[in-house]
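The opening residue of the sequence shown carries number 1 in UniProt numbering; numbering runs sequentially from there.
Glycine included, C-beta positions come from ideal geometry on N, C-alpha and C.
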Amino acid sequence: MGISANQRYKQLDSLRGVAALVVVLGHLYLTVNDDGVSGLFRTPLSPFVTGPAAVVLFFVLSGFVLSLPYASGRGRRYLAYAVGRLCRLYLPLLATVILSAALAWTFAGAAPPPALTQTFRTWNLPLSADNLVSHLALSGYPLDATRLDPPMWSLIMEVRASLLFPALFFFVWRFGLASVAAGLIVAFLCVRLKTSLGDPSTVDARDLIGTLLLTGRYLVFFLMGIACALRLDDLRAIYGKLTPALHVAACGAGVLIATMLAISGKASGGSAYLFYGCSAVYVISGCLFSQGASRLLQRPWPSWLGQVSFSLYLIHWPVILTAFYIVAPRIGAGPALILAFPMVLLAAHGMERWVERPTHNLGKWCARRLDPPPAVDLKTGEVGPGRGRPGAA
């Protein structure tokens, strides 16, 4: 199948970094333009500032990348996998929540800058103990359970999908593309039921039932990523049959559809998310099978973005707010907006180095302790007990 547990597609790391940058640019725009269906969002530039599309790409990418060890029979035992994954995701998120809480408390007595849009006025309410616990527990509810750092809603989905991942992988491995179709049906039912309960939000929930339905809505994108990994050769063959003219037409049609969805106010609707999922599969295929795209994404700047992508996504909201609270009252919203961008990049670099990298290494260490690699007899070459044996996944 051309899949190796030891193979890392560096261009996909860079793609994740580009997607994180899209989210940052979209949020920078929304700090002073609270108009999700007008302005820049109504132009062909909308794909470059559309956060939901980038988040769906994150989910499909996670499904693909997490599948590689399992597809090659090198998946870890569940406990080792889960502990490693929680260290990788939860500990940096925990650090970000604590930092955001400290910053929100610091600026609690200050009025939000007048230029700051309602979307970004998430620190203007007192922080209660219950609210902080909701953040730390990744409960996903009530509606203010992510207000310290709203982008964390997608990390809640990521953590839940990660804990379910071995079962999701088996589901796709056993039933193939039918599992993706089943995931689409589940997503549709979850959207309809959540809306019928008076809770139509696509990023948060009012109660436990709502947040579980929200999770059900997004699992299909992880299934799509798993299916791509398991059918990588088929994906390569299909992509290779497309002529350059068809690729140009596909990209043009994608930009046009994204723009029309934004203009119609349906950029967060169910059909839009299905479009984002299909687009994510196409984009991932291009990064894997197009030599030009692969080379471009492995250049220094995209590679750096890939390295800091997780930290960039986590830290950008509190940094942008901090820039506005400090700079805007003194010299205006424009300078605050300009300064916020390099501040975000610097903060992401620091967080990746001092928080994300150590917690990632901790996760790998814990996973090795819980499920050590198989011992190899140097004389006979036989593999002893350890990871990689049947049932290890």
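Cβ neighbour criterion (16 or more within 10 Å) applied to residue i
| i | result |
| --- | --- |
| Gln118 | exposed |
| Arg353 | exposed |
| Phe324 | buried |
| Leu235 | buried |
| Ala227 | buried |
| Trp365 | exposed |
| Val355 | buried |
| Ile331 | exposed |
| Ile315 | buried |
| Gly75 | buried |
| Phe175 | exposed |
Distance between residue j and residue i (C-alpha atoms, nearest Å)
| i | j | result |
| --- | --- | --- |
| Val23 | Ala348 | 14 Å |
| Ala167 | Phe222 | 12 Å |
| Gly51 | Ser196 | 25 Å |
| Ala129 | Arg147 | 14 Å |
| Trp173 | Val55 | 24 Å |
| Tyr29 | Pro373 | 47 Å |
| Ser285 | Leu296 | 15 Å |
| Val159 | Ser271 | 25 Å |
| Leu15 | Lys241 | 23 Å |
| Val65 | Val133 | 31 Å |
| Val255 | Arg42 | 11 Å |
| Pro318 | Pro114 | 18 Å |
| Ala110 | Ala328 | 12 Å |
| Pro335 | Cys190 | 43 Å |
| Ala145 | Leu93 | 14 Å |
| Ala250 | Ala102 | 46 Å |
| Leu68 | Phe120 | 38 Å |
| Val37 | Tyr276 | Because the pLDDT at Val37 is just 46, under 50, the model does not fix this residue reliably, and the point stays unresolved. |
| Thr259 | Pro302 | 25 Å |
| residue 440 | Val49 | The first residue shown for the chain is 1 and the last is 393, placing residue 440 beyond what the model contains. |
| Ala237 | Ala71 | 19 Å |
| Ala80 | Val248 | 44 Å |
| Gly183 | Leu219 | 7 Å |
| Gly225 | Tyr282 | 11 Å |
Residue i - containing alpha helix (DSSP H), residue span
| i | result |
| --- | --- |
| Val97 | 78-106 |
| Phe169 | 152-175 |
| Leu288 | 270-289 |
| Leu57 | 51-71 |
| Thr322 | 300-331 |
| Pro358 | 357-370 |
| Thr31 | 10-32 |
| Ser264 | No alpha helix (DSSP H) contains Ser264, which DSSP labels as neither H nor E. |
| Asn131 | 129-136 |
For the segment 217-244, list the alpha helix (DSSP H) runs that are entirely contained and at least 4 residues long, ordered along the chain.
232-241
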